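Peer 1: Let me give you the structure first, and then I'll get to my questions.
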Amino acid sequence: MSVLVDRETRLVVTGITGREGTFHATNNKNYGTQVVAGVTPGKGGQDVNGIPVFNTVAESVDKAGANTAMIFVPPRFAADSILEAADAGIRLIVAITEGIPAHDELRVYTQLKRNPDVRLVGPNCPGILSPGKASVGIIPASFFKQGNVGVVSRSGTLTYQIGNELAQRGFGNSSIVGIGGDPVPGSSFIDVIELFQNDPETELIVMSGEIGGSAEEEAAEYIAANVTKPVVAYIAGFTAPEGKTMGHAGAIVSGTAGTARAKAEALEAKGVRVGRTPTETAELAMEILGK
Amino acid sequence: MDLLEYQGKQLFARHGIPVPTGKPAKTVEDAVAAADEIGYPCVVKAQVLIGGRGKAGGVKLAKDRAEATQYATDILGMDIKGFTVHEVWIEGASQIAEEYYASIVFDRAAKAPLVMLSTQGGMDIEEVAEKTPEALARLHVDPLLGFQDFHGRKLAFAAGIPADLIRPVGAMLSKLYATFVAEEAMLIEVNPLIITADRDVVALDAKVTLDGNSLYRHPQNAELRDPSAEDPQEQMAHERGLTYVKLDGDIGILGNGAGLVMSTLDVVGLAGGSAANFLDAGGGSKSDAIVSAVEVILSDPKVRAVLFNIFGGITRCDEVAKGLIEAYGIINPTVPFVVRLDGTNDVEGRKLLADANLPNVATATTMNEAAEKVVALAKTGVAA
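In structure tokens, the structure reads:
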């Protein structure tokens with residue numbers, strides 16, 4: 396088992412004819428993901444490395460049976476593309492695009508919440524990888540193998556760093572889910588941790604958070620009340636100054652809110668062990684799984 | 060992006076929100092001319108992106124031309140908590156009967172705009188919220204519905220606003236909300252929102268933060284960015300399209316991906332060092348971006364050693380190595396470098412570096428080892 400993406404995934408990529416869209420759609424296909432369609436309005440009828448291109452997401456659902464969408468269009472078109480995918484009946488939307496205006500994200504989030512069947516992961520995220528099954532996004536899949544550790548993270552490269560440390564110690568992953576670094580992520584830590592809790596293959600959950608917002612604190616409460624599997628956490632940004640956006644739009648300490656220390660303390664208070672470095676986090680995982 | 064007070068007021072004025080008449084000035088002559096035009100008494104206000112201006116002596120009431128000259132001379136060039144005052148705002152003195160507080164915050168946790176109102180304006184609102192939470196009326200607005208008139212009344216009654224002001228204050232909140240949405244703000248705060256002797260509602264202050272990601276839709280706001288207020292390295296990085304934040308330490312940092320760079324700063328801190336900057340070279344960085352980044356990092360005279368921490372995903376380690384080699388050809392750095400390359404094409408990248416045999420460049424295989432090496436080098440200044 397795994398979460399969100401697997402061999403049943405039938406992916407449509409919006410923005411597939413762009414340089415990045417073509418590159419990553421092709422990578423995902425080469426990994427073994429069923430990439431059944433791409434969408435670029437006005438370019439319907441073309442194909443990209445054997446992937447048929449349609450004018451609308453609805454057409455890709457009707458004609459190619461797409462059930463998952465990956466959003467790869469530029470920021471100014473991304474909110475529209477996400478809403479189009481939801482309207483076409485897509486149930487899992489993975490938005491890679493970085494730089495979407497926050498008010499667009501707010502409108503999209505509020506609209507999608509009205510349909511509990513639709514799940515958005517991202518935006519500004521590296522996507523989802525279920526090793527050996529499917530890769531949707533830009534995670535460098537070759538570093539990871541199938542296994543029992545579920546990873547959920549706000550950051551891309553930090554996920555690879557922690558994942559690689561786990562891999563060096565012999566661990567594989569059920570799934571790796573990047574929820575993204577924006578202020579209004581479509582899926583939260585809680586949403587993904589709930590999936591891992593219910594996934595029989597996942598035996599340990601690693602969550603990687605960072606400064607800004609209160610998603611880690613909320614996850615701490617949720618874990619204490621609902622999660623029986625061990626959870627190990629890492630938080631980035633202990634040395635980040637107040638009031639500066641550290642790369643990710645959502646990574647900002649405002650006054651005393653959103654600090655790494657407060658997040659680590661909230662998690663530890665609920666029995667979640669927090670590594671001070673990516674290496675220590677992998678070591679904690681190793682200790683718990685007894686390898 | 061944070062706006063100066065007067066920029067916020069000009070933004071308010073465009074949306075029909077009453078603000079005192081005023082003019083910005085960068086020199087004493089311009090300030091006095093503005094004061095003459097506006098009339099006395101008038102207020103001379105330092106324009107800096109930091110709170111506590113009044114306590115620092117950056118806000119003064121001038122009753123005549125001599126005082127206006129004196130205060131403009133004192134305030135221009137003044138240092139307020141590390142921010143130099145380059146500009147003052149001269150505005151007509153207001154007749155204040157009441158000082159209220161109003162704000163709209165992009166509430167990430169609730170995923171909705173949060174509108175707040177209190178009759179206890181003019182003071183630290185966090186203190187009000189802590190000591191007398193009932194004095195701060197709060198309401199979340201459904202972003203797809205928008206702010207309704209009844210929301211305004213609900214907040215005004217909850218805050219204990221006098222009956223004759225319920226509608227005018229509600230109308231003010233409605234205009235602030237419209238501004239928040241139209242300009243795509245992350246924060247709008249008015250403290251104080253005043254009631255004049257004539258019972259008019261006026262925004263006497265304006266604290267506005269705009270969403271940097273939406274500026275392409277607001278060219279007029281994009282022009283408000285004030286390069287003179289920025290640190291020289293941050294300005295240089297901005298012009299080159301790099302994500303850079305200046306910090307206080309002496310170890311220059313370059314990494315790929317915001318989370319990994321933040322983590323690198325922490326690991327350097329744990330090793331006993333202190334980072335000079337945050338620099339995310341981004342995904343898929345090519346060698347020219349690396350050259351550009353090295354130039355920005357080294358333009359900070361405090362930097363005594365530099366750490367490259369790369370975990371290659373889309374970014375290829377050989378491209379990073381090429382960039383560093385090119386940078387050495389162009390700028391001949393005098394401080395030591397520690398380079399950690401892991402991930403995509405790491406073997407090729409390390410070989411390129413070994414073959415180039417750059418002076419003062421050490422390599423490391425793990426993040427922790429790299430951090431320890433660079434901290435030691437920042438102290439001694441020589442690579443092993």
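Residue numbers (my numbering), protein chains in the order written: chain D, 396 to 686; chain H, 60 to 443. Just so you know, even glycine gets a beta-carbon here, dropped at the ideal spot from N, CA and C. Treat the numbers as computed from the prediction; the structure is a model and nothing was measured.
Please report the distance separating the alpha-carbon of residue 672/D from that of residue 353/H.
Peer 2: For this step, residue 672/D is matched to residue 277 along the first sequence. For this step, residue 353/H is matched to residue 294 along the second sequence. Rounded to the nearest angstrom, the two C-alpha atoms are 25 angstroms apart.
Peer 1: When the Cα atoms are used, what is the spatial distance from residue 84/H to residue 112/H?
Peer 2: The residue you call residue 84/H lines up with position 25 of the second sequence. The residue you call residue 112/H lines up with position 53 of the second sequence. Rounded to the nearest angstrom, the two C-alpha atoms are 17 angstroms apart.
Peer 1: To be precise: take each residue of the region 159-190 of chain H, compare its Cβ to all Cβ atoms of chain D, and keep it if any distance is under 9 angstroms. Which residues remain?
Peer 2: The residues in question are 165, 167, 168, 170, 171, 172, 185.
Peer 1: By Cβ distance, which residues of its chain are closer than 6 angstroms to residue 579/D, with the 5 residues on each side in sequence left out?
Peer 2: Residue 579/D sits at position 184 when you count from the first residue of the first sequence. If we look at residue 579/D and ignore the five residues flanking it on each side, its Cβ neighbours are 500, 501, 504.
Peer 1: Measuring straight from C-alpha to C-alpha, what distance separates residue 124/H and residue 212/H?
Peer 2: To locate residue 124/H, count along the second sequence from 1; it is residue 65. To locate residue 212/H, count along the second sequence from 1; it is residue 153. Their backbone Cα atoms lie some 43 angstroms apart in a straight line.
Peer 1: Using a Cβ distance threshold of 8 angstroms, determine whether the region 395-403 of chain H contacts the region 423-438 of chain H, with at least three qualifying pairs required.
Peer 2: Yes: the two stretches touch, three or more of their Cβ pairs being nearer than 8 angstroms.
Peer 1: Who are the Cβ neighbours of residue 494/D in its own chain at under 6 angstroms, not counting the five residues just before and after it?
Peer 2: Counting from one through the first sequence, the residue named residue 494/D turns up at place 99. For residue 494/D, where only same-chain residues beyond five positions count, the Cβ hits under 6 angstroms are 470.
Peer 1: Would residue 605/D count as contacting chain H if we go by Cβ distances under 9 angstroms?
Peer 2: Here residue 605/D refers to the residue found at position 210 when the first sequence is read from its first residue. Judged by the 9 angstroms Cβ criterion, residue 605/D is in contact with chain H.
Peer 1: Using 9 angstroms as the limit for Cβ to Cβ distance, is residue 417/D near chain H?
Peer 2: As a position in the first sequence, residue 417/D is number 22, starting the count at 1. Closer than 9 angstroms: no.
Peer 1: Mapping DSSP to helix, strand and coil, what is residue 584/D?
Peer 2: Numbered from its first residue, the first sequence carries residue 584/D at position 189. It is helical.
Peer 1: Drop a sphere of 10 angstroms on the beta-carbon of residue 389/H, count the other beta-carbons inside from all chains shown, and report buried for 16 or more, exposed for fewer.
Peer 2: Counted from its first residue, the second sequence places residue 389/H at position 330. Exposed is the call here.
Peer 1: Thinking C-beta only, is residue 143/H closer than 9 angstroms to residue 107/H?
Peer 2: As a position in the second sequence, residue 107/H is number 48, starting the count at 1. As a position in the second sequence, residue 143/H is number 84, starting the count at 1. Taking 9 angstroms as the Cβ cut-off, residue 107/H and residue 143/H qualify as a contacting pair.
Peer 1: Below 8 angstroms on the Cβ atoms is my guess for residue 369/D versus residue 584/D; work out the distance and round it to an integer in Å.
Peer 2: Absent from the model: residue 369/D. The displayed extent of chain D is 396 to 686, so no value can be given.
Peer 1: Report the neighbours of residue 243/H on chain D: residues whose CB is nearer than 9 angstroms to its CB, in chain order.
Peer 2: On the second sequence, residue 243/H is found 184 positions in, with the first residue counted as 1. Chain D residues near residue 243/H: 496, 497, 498, 499.
Peer 1: For a contact meaning CB atoms closer than 7 angstroms, what does residue 470/D contact in chain H?
Peer 2: Here residue 470/D is taken as the residue at index 75 of the first sequence, counted from 1. 272, listed in chain order.
Peer 1: Could you have a look at residue 71/H and say whether DSSP puts it in helix, strand or coil?
Peer 2: Start at 1 with the first residue of the second sequence, and residue 71/H comes out as number 12. It is helical.
Peer 1: Can you tell me which residues form a DSSP beta bridge with residue 253/H?
Peer 2: Here residue 253/H is taken as the residue at index 194 of the second sequence, counted from 1. Beta-bridge pairing links residue 253/H to 158/H, 261/H.
Peer 1: Rank 531/D, 597/D, 591/D by C-alpha distance to the C-alpha of residue 429/D and give the top, closest one.
Peer 2: Translated into positions along the first sequence, residue 429/D becomes position 34. For the residues 531/D, 597/D, 591/D, the minimum Cα distance to residue 429/D belongs to 531/D.
Peer 1: Note down, in chain order, every chain H residue with its Cβ under 7 angstroms from the Cβ of residue 641/D.
Peer 2: In the first sequence, counting from the first residue as 1, residue 641/D sits at position 246. Here the neighbours are 304, 317, 321, 337.
Peer 1: Rounded C-beta distance between residue 434/D and residue 452/D? I'm assuming under 8 angstroms.
Peer 2: Here residue 434/D corresponds to residue number 39 of the first sequence, with the count starting at 1. Here residue 452/D corresponds to residue number 57 of the first sequence, with the count starting at 1. The Cβ separation is near 5 angstroms, so the contact holds.
Peer 1: In angstroms, rounded to a whole number, what distance separates the CA positions of residue 423/D and residue 146/H?
Peer 2: Reading the first sequence from its first residue, position 28 is the one you call residue 423/D. Reading the second sequence from its first residue, position 87 is the one you call residue 146/H. Using only the alpha carbons, I get a separation of about 53 angstroms.
Peer 1: So, is the C-beta of residue 421/D closer than 9 angstroms to a C-beta in chain H?
Peer 2: What you label residue 421/D is simply residue 26 of the first sequence in a count that begins at 1. Answer no: the Cβ-Cβ gap between residue 421/D and chain H never drops below 9 angstroms.
Peer 1: Starting from residue 579/D, find everything on chain H with Cβ-Cβ shorter than 8 angstroms and list it in chain order.
Peer 2: Position 184 of the first sequence, counting from 1, holds the residue named residue 579/D. Near residue 579/D (Cβ distances below 8 angstroms), the residues of chain H are 167, 170.
Peer 1: With distances taken Cα to Cα, identify the nearest neighbour of residue 643/D among 318/H, 200/H, 307/H.
Peer 2: Translated into the one-based positions of the first sequence, residue 643/D becomes position 248. Of the listed residues, the one whose Cα sits closest to residue 643/D is 318/H.
Peer 1: If I'm right that residue 171/H touches residue 200/H with Cβ under 8 angstroms, what's the distance once you round it to whole angstroms?
Peer 2: Taking the second sequence and counting its residues from 1, one reaches residue 171/H at position 112. Taking the second sequence and counting its residues from 1, one reaches residue 200/H at position 141. That belief holds up - the Cβ atoms of residue 171/H and residue 200/H are roughly 6 angstroms apart, short of 8 angstroms.
Peer 1: Please report the straight-line C-alpha distance between residue 479/D and residue 174/H, rounded to a whole angstrom.
Peer 2: Taking the first sequence and counting its residues from 1, the one referred to as residue 479/D is at position 84. Taking the second sequence and counting its residues from 1, the one referred to as residue 174/H is at position 115. Cα to Cα, the separation comes out at about 31 angstroms.
Peer 1: Applying the 10 Å Cβ sphere with the 16-neighbour rule, what's the burial state of residue 336/H?
Peer 2: Working through the second sequence from its first residue, we reach residue 336/H at position 277. It is buried - the Cβ of residue 336/H has at least 16 other Cβ atoms within 10 Å.
Peer 1: Could you check whether residue 252/H and residue 267/H sit closer than 9 angstroms to each other, using their CB atoms as the reference points?
Peer 2: Residue numbering aside, residue 267/H sits at position 208 when the second sequence is read from its first letter. Residue numbering aside, residue 252/H sits at position 193 when the second sequence is read from its first letter. No, the pair does not count as a contact, with Cβ atoms beyond the cut-off.
Peer 1: Report the option in 223/H, 394/H, 148/H whose CA atom is closest to the CA atom of residue 311/H.
Peer 2: Reading the second sequence from its first residue, position 252 is the one you call residue 311/H. The residue with the shortest Cα to Cα distance from residue 311/H is 394/H.
Peer 1: Is DSSP giving residue 376/H helix, strand or coil here?
Peer 2: On the second sequence, residue 376/H is found 317 positions in, with the first residue counted as 1. Looking at residue 376/H - three-state DSSP - the assignment turns out to be helix.
Peer 1: Using a Cβ-Cβ distance under 9 angstroms, would residue 131/H count as near chain D?
Peer 2: By 1-based counting over the second sequence, the position of residue 131/H is 72. Chain D, which has no Cβ nearer than 9 angstroms to the Cβ of residue 131/H, makes this no.
Peer 1: Take residue 586/D as the anchor and find which of 476/D, 508/D, 560/D, 465/D has the nearest alpha-carbon.
Peer 2: Here residue 586/D refers to the residue found at position 191 of the first sequence. Minimum Cα distance to residue 586/D is reached at 508/D.
Peer 1: For residue 82/H and residue 150/H, I'd like the C-alpha separation in whole angstroms.
Peer 2: Sequence index remark: in the second sequence, residue 82/H carries index 23 (1-based). Sequence index remark: in the second sequence, residue 150/H carries index 91 (1-based). So the two alpha carbons sit approximately 7 angstroms from each other.
Peer 1: So, is residue 396/D buried or exposed, given that buried needs 16 or more other C-beta atoms within 10 angstroms?
Peer 2: Within the first sequence, residue 396/D is the residue found at index 1, counting from 1. Residue 396/D should be labelled exposed.
Peer 1: For residue 606/D, name the three-state secondary structure that DSSP assigns.
Peer 2: Here the question's residue 606/D lines up with position 211 in the first sequence. Of the three classes helix, strand and coil, the one that applies to residue 606/D here is coil, per DSSP.
Peer 1: Which residues of chain H have a Cβ atom closer than 7 angstroms to the Cβ of residue 662/D, listed in chain order?
Peer 2: Position 267 of the first sequence, counted from the start, is the residue given in the question as residue 662/D. Within 7 angstroms Cβ-Cβ: nothing; residue 662/D doesn't reach chain H, min ~16 angstroms.
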